[in-house]
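Participant: One structure follows; several queries about it will come next.
There are 2 protein chains.
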Amino acid sequence: MSKDQAKQEFTNLMKEMKQYEEAIALMAWDLRTKAPKKGIEQRSEVIGMFAQKVHQLSTSDEMKRLLEELREETDDPILKRSVELAKKDFEKNEKIPDQEYKEFVMLRSKAESVWEEAKNTNNFSLFEPYLEKIVEFNRRFANYWGYEDHIYNALLDQYEPGVTVRILDEVFPPVREKLTELVQKIQQSDVAIDSSKILLPFPKQQQEKFSLEILKAMGYDFSSGRLDETVHPFAISLNPFDVRVTTKYDEKDFRTAVFGTIHEGGHALYEQNIDQSLINTPMATGTSMGIHESQSLFWENFVARTNAFWEKNYDLFKSIAPSDFQEIELPEFYKMINEVKPSFIRIEADELTYCLHIMIRYEIEKALISGEVQVKDVPELWNSKMEEYLGIRPATDSEGVLQDIHWAGGDFGYFPSYALGYMYAAQFRDKMKEEHHVEELIRQGKLSVIKKWLTENIHQYGKMKEPLEILKDVTGESLNPDHLMNYLEDKYSKIYKF
Amino acid sequence: MSKDQAKQEFTNLMKEMKQYEEAIALMAWDLRTKAPKKGIEQRSEVIGMFAQKVHQLSTSDEMKRLLEELREETDDPILKRSVELAKKDFEKNEKIPDQEYKEFVMLRSKAESVWEEAKNTNNFSLFEPYLEKIVEFNRRFANYWGYEDHIYNALLDQYEPGVTVRILDEVFPPVREKLTELVQKIQQSDVAIDSSKILLPFPKQQQEKFSLEILKAMGYDFSSGRLDETVHPFAISLNPFDVRVTTKYDEKDFRTAVFGTIHEGGHALYEQNIDQSLINTPMATGTSMGIHESQSLFWENFVARTNAFWEKNYDLFKSIAPSDFQEIELPEFYKMINEVKPSFIRIEADELTYCLHIMIRYEIEKALISGEVQVKDVPELWNSKMEEYLGIRPATDSEGVLQDIHWAGGDFGYFPSYALGYMYAAQFRDKMKEEHHVEELIRQGKLSVIKKWLTENIHQYGKMKEPLEILKDVTGESLNPDHLMNYLEDKYSKIYKF
Numbered sequence: 001m002s003k004d005q006a007k008q009e010f011t012n013l014m015k016e017m018k019q020y021e022e023a024i025a026l027m028a029w030d031l032r033t034k035a036p037k038k039g040i041e042q043r044s045e046v047i048g049m050f051a052q053k054v055h056q057l058s059t060s061d062e063m064k065r066l067l068e069e070l071r072e073e074t075d076d077p078i079l080k081r082s083v084e085l086a087k088k089d090f091e092k093n094e095k096i097p098d099q100e101y102k103e104f105v106m107l108r109s110k111a112e113s114v115w116e117e118a119k120n121t122n123n124f125s126l127f128e129p130y131l132e133k134i135v136e137f138n139r140r141f142a143n144y145w146g147y148e149d150h151i152y153n154a155l156l157d158q159y160e161p162g163v164t165v166r167i168l169d170e171v172f173p174p175v176r177e178k179l180t181e182l183v184q185k186i187q188q189s190d191v192a193i194d195s196s197k198i199l200l201p202f203p204k205q206q207q208e209k210f211s212l213e214i215l216k217a218m219g220y221d222f223s224s225g226r227l228d229e230t231v232h233p234f235a236i237s238l239n240p241f242d243v244r245v246t247t248k249y250d251e252k253d254f255r256t257a258v259f260g261t262i263h264e265g266g267h268a269l270y271e272q273n274i275d276q277s278l279i280n281t282p283m284a285t286g287t288s289m290g291i292h293e294s295q296s297l298f299w300e301n302f303v304a305r306t307n308a309f310w311e312k313n314y315d316l317f318k319s320i321a322p323s324d325f326q327e328i329e330l331p332e333f334y335k336m337i338n339e340v341k342p343s344f345i346r347i348e349a350d351e352l353t354y355c356l357h358i359m360i361r362y363e364i365e366k367a368l369i370s371g372e373v374q375v376k377d378v379p380e381l382w383n384s385k386m387e388e389y390l391g392i393r394p395a396t397d398s399e400g401v402l403q404d405i406h407w408a409g410g411d412f413g414y415f416p417s418y419a420l421g422y423m424y425a426a427q428f429r430d431k432m433k434e435e436h437h438v439e440e441l442i443r444q445g446k447l448s449v450i451k452k453w454l455t456e457n458i459h460q461y462g463k464m465k466e467p468l469e470i471l472k473d474v475t476g477e478s479l480n481p482d483h484l485m486n487y488l489e490d491k492y493s494k495i496y497k498f
Numbered sequence: 001m002s003k004d005q006a007k008q009e010f011t012n013l014m015k016e017m018k019q020y021e022e023a024i025a026l027m028a029w030d031l032r033t034k035a036p037k038k039g040i041e042q043r044s045e046v047i048g049m050f051a052q053k054v055h056q057l058s059t060s061d062e063m064k065r066l067l068e069e070l071r072e073e074t075d076d077p078i079l080k081r082s083v084e085l086a087k088k089d090f091e092k093n094e095k096i097p098d099q100e101y102k103e104f105v106m107l108r109s110k111a112e113s114v115w116e117e118a119k120n121t122n123n124f125s126l127f128e129p130y131l132e133k134i135v136e137f138n139r140r141f142a143n144y145w146g147y148e149d150h151i152y153n154a155l156l157d158q159y160e161p162g163v164t165v166r167i168l169d170e171v172f173p174p175v176r177e178k179l180t181e182l183v184q185k186i187q188q189s190d191v192a193i194d195s196s197k198i199l200l201p202f203p204k205q206q207q208e209k210f211s212l213e214i215l216k217a218m219g220y221d222f223s224s225g226r227l228d229e230t231v232h233p234f235a236i237s238l239n240p241f242d243v244r245v246t247t248k249y250d251e252k253d254f255r256t257a258v259f260g261t262i263h264e265g266g267h268a269l270y271e272q273n274i275d276q277s278l279i280n281t282p283m284a285t286g287t288s289m290g291i292h293e294s295q296s297l298f299w300e301n302f303v304a305r306t307n308a309f310w311e312k313n314y315d316l317f318k319s320i321a322p323s324d325f326q327e328i329e330l331p332e333f334y335k336m337i338n339e340v341k342p343s344f345i346r347i348e349a350d351e352l353t354y355c356l357h358i359m360i361r362y363e364i365e366k367a368l369i370s371g372e373v374q375v376k377d378v379p380e381l382w383n384s385k386m387e388e389y390l391g392i393r394p395a396t397d398s399e400g401v402l403q404d405i406h407w408a409g410g411d412f413g414y415f416p417s418y419a420l421g422y423m424y425a426a427q428f429r430d431k432m433k434e435e436h437h438v439e440e441l442i443r444q445g446k447l448s449v450i451k452k453w454l455t456e457n458i459h460q461y462g463k464m465k466e467p468l469e470i471l472k473d474v475t476g477e478s479l480n481p482d483h484l485m486n487y488l489e490d491k492y493s494k495i496y497k498f
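Top to bottom, those sequences are chains H and Z.
Residue numbers are given in the working numbering: position 122 of the first sequence equals residue 122, and the series is strictly consecutive.
Residue numbers are given in the working numbering: position 63 of the second sequence equals residue 63, and the series is strictly consecutive.
Set out below in structure tokens:
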């Protein structure tokens with residue numbers, strides 16, 4: 001076979017895998033937004049079958065042969081990187097038996113709907129057997145894959161290649177200390193913020209209207225996407241021309257939808273702005289969960305929780321919000337959307353306590369995977385850690401261990417990326433500030449400049465670069481939590497005057 | 001290989017094909033209801049790839065071998081029928097080269113979106129090259145398949161096995177004569193109905209509310225389905241537990257949505273009530289387009305356009321409709337939803353002139369496929385026939401040849417099923433009347449009895465029986481247009497007093 005023929009066959013194979021993934025993504029989006037209840041089981045089977053197909057292709061004899069043929073390919077950077085990523089996948093996937101993988105995918109799909117019911121009815125025991133199986137699958141897979149130092153590293157590598165337990169156990173404790181110190185200063189501050197004043201009734205339809213306006217202002221392309229409602233918000237890319245945002249409307253707390261939509265919108269901007277030359281290759285997606293999260297958090301916090309953002313958008317907000325909101329002055333509003341207050345639900349947490357939520361999950365995951373902790377003990381462990389780090393104890397599992405979909409979705413090793421994303425985002429922000437007066441851009445509504453900077457520095461590359469490589473290329477640094485800590489200290493010392 | 005092993009392998013193969021079809025159905029639904037514009041092209045490719053997979057499976061060596069192994073299977077009626085249908089498919093599909101089939105599927109998908117633009121901008125020339133290619137593909141396929149008597153029979157067989165050009169050319173002309181006679185009597189009648197009085201503004205949201213209520217009353221199961229908005233309404237089954245209805249809201253004419261929703265709801269009831277033992281087999285769908293249409297038309301006309309139906313539901317309607325509707329009395333309303341008036345748009349046609357619309361399409365299709373007519377001449381031909389049969393001439397192609405999606409979707413041989421469905425439905429109605437006081441059931445809102453009768457006699461069998469076999473089993477007759485003619489004469493002679 002000629003090299004050209006091998007290249008063509010490999011390109012076709014990559015495309016075929018992407019096409020299966022597009023169908024899987026649409027079915028998953030549908031299950032979480034639109035699908036009728038009785039169809040879930042049948043659908044889960046279909047998703048399982050398709051995921052198995054992708055798995056089979058990624059470990060096929062044809063793949064093996066093509067990777068061998070193309071192992072010294074160096075001319076075409078896109079082909080070279082495709083081969084590199086396919087090879088990594090091949091080596092990981094061939095270690096997992098087809099049947100086991102299919103079972104895992106079906107289990108995840110089923111577990112997600114059971115989790116939803118367990119959460120709605122506050123019934124951990126309903127979800128417990130599913131979680132046990134999911135942990136067991138993850139342990140088994142980690143062992144198939146192999147690891148250095150710690151079994152959890154095998155799982156981390158799926159989401160944040162290059163980051164290890166050693167790094168996390170070095171970075172997280174001092175960050176936790178600093179955050180605890182800041183929380184204490186805030187609690188001792190004379191400034192009292194009571195955000196309950198903005199928890200006014202806000203009809204779903206008006207929240208949707210504002211969410212749509214803000215997505216538009218961010219530069220989200222609606223001809224390549226759409227906004228829908230769901231239980232647990234997410235953004236999903238079918239391909240760069242079809243990247244969908246979902247959100248949740250809480251009629252008693254507009255912040256859920258507004259900041260949630262902006263957060264998912266940040267993810268979506270990343271996927272929509274990947275270079276078109278990468279379509280139908282493995283690089284047509286964000287490079288890691290952490291870099292992805294850096295984009296969503298950038299928009300949610302560094303753009304949308306600033307005074308400058310609301311100076312620009314407060315009139316628009318008031319024109320859409322119910323009349324009760326009209327009396328709230330902007331300085332008061334700004335403080336209320338930045339209240340620091342230990343709370344139960346991660347996705348509703350303020351940006352200061354957020355990383356503490358992540359650390360709890362990281363510690364529990366690591367212990368579950370290493371076998372130090374059993375699933376049945378997790379609710380109690382969760383609650384104890386909440387008390388230790390945040391000083392509050394959930395009264396129910398629905399506002400405790402059952403709040404996140406991730407474990408139901410089979411995702412272990414994912415949570416740390418949220419904290420990493422925060423740190424990356426703060427590093428990007430400081431770099432952007434060297435080149436632009438970011439606050440002024442936000443105040444003037446010139447969000448397109450920010451979007452352009454992020455696209456040029458991050459989005460366009462998709463998975464062409466590794467996460468720590470992007471970080472280094474953009475900021476000249478490796479992982480450095482100081483940027484985040486300085487940002488938080490600066491912002492909150494002003495709000496809480498300490 | 002043992003017989004049991006062959007059975008298992010065959011069952012798995014059928015299931016795999018159904019799973020691809022479920023994904024294709026979801027992608028098609030999404031394209032027509034939700035998908036962002038820029039994603040269409042990429043999506044069309046994915047649908048094309050999947051359709052090719054199904055095609056490959058249906059003509060695979062494995063299929064050939066299994067059909068051979070199981071050719072004398074007689075014990076299990078489900079397996080027997082699966083083999084029979086798979087064999088028919090195999091023999092048809094193996095004659096079409098994979099690549100050609102894939103091109104056709106991608107063409108269809110693309111053509112549908114071009115058609116939409118052509119219709120919106122009244123620009124037939126935009127659609128013309130696509131339609132030419134689609135006709136060409138249909139001619140080529142018909143020749144691959146082979147036929148007796150007339151090339152068009154090969155296409156008819158896809159939708160209405162057992163029905164031929166000879167039958168249609170026998171039945172359609174006398175029906176056309178009778179319909180023309182009735183239209184004339186109506187035009188000479190002293191009774192003048194002006195339905196423009198009910199063309200009052202009716203906001204989309206309220207129309208949706210009423211549509212949902214009526215679907216519920218029909219017994220449509222929302223835990224196995226949902227209602228969405230689209231340009232050209234359809235119902236689609238992903239599997240019997242996920243059967244979706246779409247509708248179109250015209251804020252100036254509520255009848256479009258109300259009767260359209262009921263029509264598609266009739267299709268959906270058929271698919272939702274197929275026996276569960278048929279899931280994941282080729283029989284888990286309606287047996288033919290004509291029998292399908294008999295179900296939608298039964299509900300739309302024989303249920304929802306009756307006086308009895310509105311005696312039951314008029315209060316509900318008024319409670320949802322805008323205040324301007326309050327003044328319209330029921331007898332007047334009943335007449336206005338049954339006005340006979342030659343009009344341009346098939347899906348908005350009254351039940352008397354409807355079949356004339358079908359005959360125009362049938363004649364043009366037949367001539368295109370036999371090569372007697374060229375695509376470029378179709379708009380003019382369409383308009384002439386409209387003038388000849390209905391006495392009116394479309395001013396634009398949007399309200400002429402561009403109105404239907406079918407040809408864009410590649411469907412030639414499909415249109416006659418609409419008229420056949422009418423005739424079947426009238427035959428079913430007369431049979432049902434022997435067993436039940438149908439009018440009284442409708443008046444009392446006991447639609448569940450009607451649904452049950454249809455499920456027991458028709459729905460449950462899915463594709464276990466051939467269309468004319470069902471007709472015979474239920475009514476004891478073969479195709480007989482007299483039932484429809486008598487029904488129409490009876491109904492309209494009362495309304496128009498002739």
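Every residue, glycine too, gets a C-beta built ideally from N, C-alpha and C.
Predicted model only: the values in this text are computed from it and were never measured.
Where DSSP assigns a beta bridge to Z:Leu227, which residues make up the other side?
Facilitator: Counted from its first residue, the second sequence places residue 227 of chain Z at position 227. For Z:Leu227, which the question treats as bridged, DSSP gives the partners Z:Val245.
Participant: Going along chain H in order, which residues have a C-beta closer than 7 Å to the C-beta of Z:Asn239?
Facilitator: If you number the second sequence from 1, residue 239 of chain Z lands on position 239. The answer, in chain order, is Gly39, Gln42.
Participant: Please report the residue range of the beta strand (DSSP E) in which Z:Ser237 lies.
Facilitator: Reading the second sequence from its first residue, position 237 is the one you call residue 237 of chain Z. Here the beta strand (DSSP E) through Z:Ser237 covers 235-239.
Participant: Identify each residue in the stretch 16-37 of chain H for which the Cβ-Cβ distance to at least one residue of chain Z is less than 8 Å, and report them in chain order.
Facilitator: Per Cβ criterion, the list reads Glu16, Gln19, Glu22, Ala23, Leu26, Met27, Asp30, Lys34, Ala35, Pro36, Lys37.
Participant: At which residue ranges does the stretch 34-110 of chain Z contain complete alpha helix (DSSP H) runs of 4 or more residues, listed in the order of the chain?
Facilitator: The qualifying runs are 40-58, 61-69, 77-93.
Participant: Does the beta carbon of H:Val46 sit closer than 8 Å to a beta carbon anywhere in chain Z?
Facilitator: What you label residue 46 of chain H is simply residue 46 of the first sequence in a count that begins at 1. Yes, its Cβ sits closer than 8 Å to a Cβ of chain Z.
Participant: Taking only beta-carbon atoms, is H:Met218 less than 8 Å away from chain Z?
Facilitator: By 1-based counting over the first sequence, the position of residue 218 of chain H is 218. It does not; no Cβ of chain Z falls within 8 Å.
Participant: Excluding sequence positions up to five away, which residues of its chain have a Cβ less than 6 Å from the Cβ of H:Leu278?
Facilitator: Here residue 278 of chain H refers to the residue found at position 278 of the first sequence. Cβ neighbours of H:Leu278 beyond the five flanking positions: Ala284, Gly462.
Participant: Answer with yes or no whether the minimum CB distance from H:Arg393 to chain Z is below 8 Å.
Facilitator: As a first step, residue 393 of chain H is located in the first sequence; it is residue number 393 there, counting from the start. So, not an interface residue.
Participant: Determine the burial state of Z:His483: buried for a count of at least 16 other Cβ atoms within 10 Å of its Cβ, exposed for fewer.
Facilitator: The sequence position of residue 483 of chain Z within the second sequence is 483, counting from 1. Classification of Z:His483: buried, given that the 10 Å Cβ count is 16 or more.
Participant: Find out if the Cβ-Cβ distance for the pair Z:Tyr496, Z:Pro416 is shorter than 8 Å.
Facilitator: Translated into positions along the second sequence, residue 496 of chain Z becomes position 496. Translated into positions along the second sequence, residue 416 of chain Z becomes position 416. In this structure, Z:Pro416 does not lie closer than 8 Å to Z:Tyr496 by Cβ.
Participant: Mind pulling the chain Z residues with CB within less than 7 Å of H:Val377?
Facilitator: If you number the first sequence from 1, residue 377 of chain H lands on position 377. Reading the sequence as shown, one finds Asp at residue 377 of chain H and not Val. Result: empty, since nearest Cβ-Cβ is about 36 Å, beyond 7 Å.
Participant: On the three-state DSSP scale, how would you describe H:Ser113?
Facilitator: As a working note, residue 113 of chain H is residue 113 in the first sequence. In the structure shown, H:Ser113 sits in a helix (DSSP, three-state: H, G or I).
Participant: Please list, in chain order, all residues of the same chain as Z:Arg43 whose beta carbon is under 8 Å from its beta carbon, the five residues on each side excluded.
Facilitator: The residue given as residue 43 of chain Z occupies position 43 in the second sequence. Here the set comprises Met27, Asp30, Leu31, Ala35, Ser109.
Participant: Beta-carbon of Z:Gly462 versus every beta-carbon of chain H: anything under 8 Å?
Facilitator: If you number the second sequence from 1, residue 462 of chain Z lands on position 462. Not one chain H Cβ lies under 8 Å of Z:Gly462.
Participant: Against chain C, which members of the stretch 97-112 of chain H pass a CB distance test of less than 9 Å?
Facilitator: In the displayed structure, chain C is absent; the protein chains listed are H and Z.
Participant: What runs of the alpha helix (DSSP H), each 4 residues or longer, lie entirely inside the stretch 149-224 of chain H?
Facilitator: With a minimum length of 4 residues, the continuous alpha helix (DSSP H) runs that stay inside the stretch 149-224 of chain H are 151-159, 165-188, 204-218.
Participant: Relative to the C-alpha of H:Gln56, which candidate in H:Lys15, H:Val474, H:Gln99 has its C-alpha closest?
Facilitator: Taking the first residue of the first sequence as 1, we reach residue 56 of chain H at position 56. For H:Gln56, the nearest C-alpha among the options comes from H:Gln99.
Participant: Does DSSP classify Z:Gly391 as helix, strand or coil?
Facilitator: On the second sequence, position 391 is the one that residue 391 of chain Z refers to. Of the three classes helix, strand and coil, the one that applies to Z:Gly391 here is coil, per DSSP.
Participant: Mind pulling the chain Z residues with CB within less than 9 Å of H:Ser224?
Facilitator: As a position in the first sequence, residue 224 of chain H is number 224, starting the count at 1. Here the neighbours are Pro36, Lys37, Lys38, Gly39.
Participant: Could you tell me whether the stretch 225-236 of chain H touches the stretch 424-440 of chain H, where touching means 3 or more Cβ pairs closer than 8 Å?
Facilitator: These segments do not touch.
Participant: Can you check the stretch 448-480 of chain Z for any alpha helix (DSSP H) of at least 4 residues that lies completely inside it and give the ranges in chain order?
Facilitator: The qualifying runs are 467-475.
Participant: Using the C-alpha atoms, what's the distance from H:Ile24 back to H:Ser223?
Facilitator: The count along the first sequence starts at 1 and reaches residue 223 of chain H at position 223. The count along the first sequence starts at 1 and reaches residue 24 of chain H at position 24. The straight-line gap from Cα to Cα measures roughly 21 Å.
Participant: Whole-angstrom Cβ separation of H:Gly260 and H:Tyr220, contact assumed at under 8 Å?
Facilitator: Reading the first sequence from its first residue, position 260 is the one you call residue 260 of chain H. Reading the first sequence from its first residue, position 220 is the one you call residue 220 of chain H. 14 Å between Cβ atoms; not a contact.
Participant: Taking only the alpha-carbon atoms, compute the straight-line gap between Z:Pro322 and Z:Ala257 and give it to the nearest angstrom.
Facilitator: Position 322 of the second sequence holds residue 322 of chain Z. Position 257 of the second sequence holds residue 257 of chain Z. When rounded, the distance between both Cα atoms is 15 Å.
Participant: Can you name the residues of chain H whose CB is closer than 8 Å to the CB of Z:Met423?
Facilitator: Counted from its first residue, the second sequence places residue 423 of chain Z at position 423. In chain order: nothing, as chain H lies at least about 33 Å away.
Participant: Over the uninterrupted alpha helix (DSSP H) stretch that includes H:Gln374, give me the two end residues.
Facilitator: In the first sequence, residue 374 of chain H corresponds to position 374, counting from 1. First-last for H:Gln374: undefined, no H or E at that position.
Participant: How about Z:Leu479 and Z:Leu488: do their beta carbons lie closer than 8 Å?
Facilitator: Translated into positions along the second sequence, residue 479 of chain Z becomes position 479. Translated into positions along the second sequence, residue 488 of chain Z becomes position 488. In this structure, Z:Leu488 does not lie closer than 8 Å to Z:Leu479 by Cβ.
Participant: State the Cα-Cα distance for the pair H:Gln374 and H:Leu368, rounded to the nearest angstrom.
Facilitator: Here residue 374 of chain H refers to the residue found at position 374 when the first sequence is read from its first residue. Here residue 368 of chain H refers to the residue found at position 368 when the first sequence is read from its first residue. Approximately 6 Å, taken between the alpha carbons.
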